[in-house]
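Participant: First the structure, which I've put down as structure tokens, then a few questions once you've had a look.
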Amino acid sequence: VPSTCDWRKAAGIISPIKNQENCKCCWAMAAAGNIEALWSINYWPVEISVQEMLDCARCGDGCEGGFVWDAYVTVLNQSGVASEKDYPFEGQAKLHRCLAKKYKTVAWIQDFIMLPSDEQEIASYLATHGPITVTINMKMLQHYQKGVLKAKPTMCDPQHVDHCVLLVGFGKSSIEEDIRVETVSSRSHRPTPYWIVKNSWGANWGEEGYFRLYRGANTCGITKYPLTARVNQQVEQQVSCP
Amino acid sequence: DALQTQDVHPQPLELIEVFKLFQIHFNRSYSNPAEYAHRLDIFAHNLAQAQQLQEEDLGTAEFGVTPFSDLTEEEFGQLYGNQKAAKMNPGMGIKAEPEKWRKP
């Protein structure tokens, strides 16, 4: 596992920050971000339709919450997914109005997997394959502005996970950042390991739409449901995170 | 604005100014003075909450005014929380079977 990884540094891999607005579709936006990144790493850049995942999902109530695997199953059932440009996000699901057949498929997946609930393994997979989705407890994000969020389980229950996001990298805090926030001398400085997480609340929130979460203590339940699609054929192609 | 500030519970002027900046920055308007007063109360509570989190935080995170500062914790959970995921039984984790999906 490399010491740092940030897929945002590779051009065209991470799509722009999305905004779910009043639709509780974090699960579809996280899945879309995962497929977009994997497709871009392995083939070419695409931006796929979240609206298709909402309209064509089995239950058809995508704006009332869902699971990341529902999005993957929908993409598998539709044999792919249309582009965001053709089938744009409207902020509400249209029951029984799946328009997938109307548009050209721009990306598809082979299958999807759940990774082990181990942050080291998650980091290893992230660095060698690409961004992955996780589900976390979002309670502390209401007041978050910037920096590395580190919370005890009593403050952020790791069992109560209620928000899906995309892990796009990891790293360690710099001495400059730690000294700015607290009284740390350079001699006793221990860098804080963190995950870089892409959220779907617009670029006006957090660190330009992203946030950082402490890595190594299952903060806010990050290891509970680590899922990723797979876009490769038979042979697993390993890539290198910048 | 003058009408609005007269109708709210007594709040420090500084807080009202911060709330005004919040409204401008995040493009928020409220339908009537009662709603404004209600949201200002919530905003004040949330600033105190953010301060508390700042004191308890173990990392380098900074907490404060965000686009969600005029929502109660319950409203925030209802509007943005994925309740389906939250209600899932911890023992019911689903593991996909890749081989099954690969079959034509």
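Residue numbers (this note's numbering), protein chains in the order written: chain A, 535 to 776; chain B, 61 to 164.
Beta carbons: idealized from backbone N, C-alpha and C, even for Gly.
(1) If you follow the alpha helix (DSSP H) that Trp-578 of chain A is part of, which residue opens it and which one closes it?
(2) Flag Ser-537 of chain A as yes if its beta-carbon sits less than 7 angstroms from any beta-carbon of chain B, otherwise no.
(3) Quick one: residues in its chain with C-beta nearer than 6 angstroms to the C-beta of Pro-760 of chain A, no 5 flanking neighbours on either side, listed in chain order?
(4) Taking the CB atoms as reference points, tell me whether Asn-106 of chain B and His-697 of chain A lie closer together than 7 angstroms.
(5) Does Ser-734 of chain A get closer than 7 angstroms to chain B when you measure Cβ to Cβ?
(6) May I ask you to list, following chain order, the residues of the region 723-749 of chain A that have a beta carbon less than 9 angstroms from some beta carbon of chain B?
(7) Check Tyr-728 of chain A in the structure and name its three-state DSSP category.
(8) Which same chain residues end up closer than 7 angstroms to Leu-113 of chain B when comparing Cβ atoms and leaving out the 5 residues on each side of it in sequence?
(9) Would you mind reading off the limits of the alpha helix (DSSP H) that contains Asp-645 of chain A?
(10) Counting only C-beta atoms, is Cys-560 of chain A closer than 7 angstroms to chain C at any point?
(11) Shortest alpha-carbon distance to Phe-646 of chain A belongs to which of A:Arg-764, A:His-663, A:Val-584, A:Ser-774?
(12) Does the contact criterion of 3 or more C-beta pairs under 8 angstroms hold for the region 127-140 of chain B versus the region 74-94 of chain B?
(13) Spell out whether any CB of chain B is found under 7 angstroms from the CB atom of His-677 of chain A.
(14) For Ala-565 of chain A, list the residues DSSP reports as bridge partners.
(15) Is there contact here, the region 549-563 of chain A with the region 610-626 of chain A, by at least three beta-carbon pairs under 8 angstroms?
Facilitator: Reading from the atomic positions:
(1) In the first sequence, the residue the question calls residue 578 of chain A occupies position 44. Looking at the DSSP string, Trp-578 of chain A is not in any alpha helix (DSSP H), and its letter there is neither H nor E.
(2) Here residue 537 of chain A refers to the residue found at position 3 of the first sequence. For Ser-537 of chain A, the answer is no, since every Cβ of chain B falls outside 7 angstroms of its Cβ.
(3) In the first sequence, the residue the question calls residue 760 of chain A occupies position 226. If you ignore the 5 residues before and after Pro-760 of chain A, its C-beta comes within less than 6 angstroms of the C-beta of Leu-649, Ile-656, Ile-666, Val-668, all in its own chain and listed in chain order.
(4) Within the second sequence, the letter at position 46 stands for residue 106 of chain B. Within the first sequence, the letter at position 163 stands for residue 697 of chain A. No; because the gap between Cβ atoms is not below 7 angstroms, this pair is not in contact.
(5) On the first sequence, residue 734 of chain A is found 200 positions in, with the first residue counted as 1. Chain B contact via Cβ: absent.
(6) Flagged, chain order: Thr-726, Tyr-728, Trp-735, Gly-736, Asn-738, Trp-739, Gly-740, Phe-745, Arg-746, Leu-747, Tyr-748.
(7) Locating residue 728 of chain A in the first sequence gives position 194, counting from the first residue. Looking at Tyr-728 of chain A - three-state DSSP - the assignment turns out to be strand.
(8) What you label residue 113 of chain B is simply residue 53 of the second sequence in a count that begins at 1. Taken in chain order, the residues that qualify are Phe-123.
(9) The count along the first sequence starts at 1 and reaches residue 645 of chain A at position 111. Membership of Asp-645 of chain A in any alpha helix (DSSP H) is not indicated; the residue belongs instead to the beta strand (DSSP E) covering 645-648.
(10) Here chain C cannot be found, since the structure's protein chains are A and B.
(11) Reading the first sequence from its first residue, position 112 is the one you call residue 646 of chain A. Per the Cα distances, A:Arg-764.
(12) Yes, since at least three Cβ pairs between the region 127-140 of chain B and the region 74-94 of chain B fall closer than 8 angstroms, the two stretches touch.
(13) Against the first sequence, residue 677 of chain A aligns to sequence position 143. So yes, His-677 of chain A belongs to the interface.
(14) The residue labelled residue 565 of chain A in the question sits at position 31 within the first sequence. Its beta-bridge partners do not exist; DSSP assigns none.
(15) Short answer: they touch.
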